[in-house]
Amino acid sequence: MKEKNTAWILLIAAGLMEIVWAYTMKLSHGFTVLVPSIITVVILIASFFMLAKAVDKLGIGLSYAVFTGIGVVGTTVISIFVLNEGASVLKIVSLAVLVAGIIGLKMCDGEEKAK
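Counting in our numbering, the sequence shown tops out at residue 1535, every number present.
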C-alpha cells in the first residue's frame, strides 16, 4: 500500500514537472536561449525518472494517461493565464473532462486493489 501511495506521489510530481518543462521549453525559443533550455532538460529528465518509477508500481497505461493528462491540463491553464492564448467554452469543458478522467483513473486503481 505504501509503495503505491509513493508511486502516486511520484506520478503527480512527474506530471506537474511536465508542466514546468513544457513552459520552459516555450521560453527557450527552440533551445536557443541557454537558461530556459538547461532548465527544460533537467526538469524533463527528472520528470521522466519519476514517471518510470511510477510505471513500475502502477503500470504503463494508467501512469502515462495520468502523466499526460496532468501535463495537458496544466500546460493549457498556463497557456490561457500566462501566455494569453485564449480560452473558449469548449476548451474549458474539455479540460474538465480530462480532469474527470484523471480522477476516474485514480478511482479505478482503488477498485483493482479490492479485487
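Quick reminder that beta carbons are idealized off the backbone N, C-alpha and C, glycines included.
Cα separation between Ala1534 and Met1470? Taking the sequence shown and counting its residues from 1, one reaches residue 1534 at position 114. Taking the sequence shown and counting its residues from 1, one reaches residue 1470 at position 50. Interpretation of Ala1534 is limited by its pLDDT of 49, a score under 50 that renders its predicted location unreliable; no figure is taken from the coordinates.
Give the secondary structure of Leu1503 by DSSP, where H, G and I count as helix, E and B as strand, and everything else as coil. Within the sequence shown, residue 1503 is the residue found at index 83, counting from 1. Look at Leu1503 here: in three-state DSSP terms it is coil, with no helix or strand label.
Range covered by the alpha helix (DSSP H) that runs through Ile1435: In the sequence shown, the residue the question calls residue 1435 occupies position 15. Before going on, a small fix: residue 1435 reads as Gly here, not Ile. Taken as a continuous stretch (DSSP letters only), the alpha helix (DSSP H) holding Gly1435 covers 1422-1447.
Leaving aside the five residues before and after Thr1488 along the sequence, list all residues of the same chain whose C-beta is less than 6 Å from its C-beta, in chain order. On the sequence shown, position 68 is the one that residue 1488 refers to. So the list is empty, once near-sequence residues are dropped.
Can you have a look at Ala1472 and say buried or exposed, based on whether 16 or more other CB atoms are within 10 angstroms of its CB? For the purposes of this step, residue 1472 is identified with residue 52 of the sequence shown, where counting begins at 1. Ala1472 is exposed by the Cβ-count criterion.
Quick check on this structure: which residue in Leu1525, Thr1496, Ala1507, Ile1459 has the alpha carbon closest to the alpha carbon of Thr1444? Taking the first residue of the sequence shown as 1, we reach residue 1444 at position 24. With distances taken between Cα atoms, Thr1444 lies closest to Ile1459.
Using a Cβ-Cβ cutoff of less than 7 Å, which residues in the same chain neighbour Gly1521 once the five nearest sequence positions on both sides are dropped? Taking the first residue of the sequence shown as 1, we reach residue 1521 at position 101. In its chain, beyond the 5 residues on either side, Gly1489 have a beta carbon closer than 7 Å to the beta carbon of Gly1521.
Taking one C-beta from the segment 1429-1439 and one from the segment 1475-1494 each time, how about it: are there three or more such pairs within less than 8 Å? With the cut-off at 8 Å, the segment 1429-1439 and the segment 1475-1494 touch.
Candidates Gly1435, Leu1482, Leu1478: which alpha carbon is nearest Leu1464's? Walking along the sequence shown from the start, residue 1464 turns up at place 44. Selected option, being the one with the closest Cα: Gly1435.
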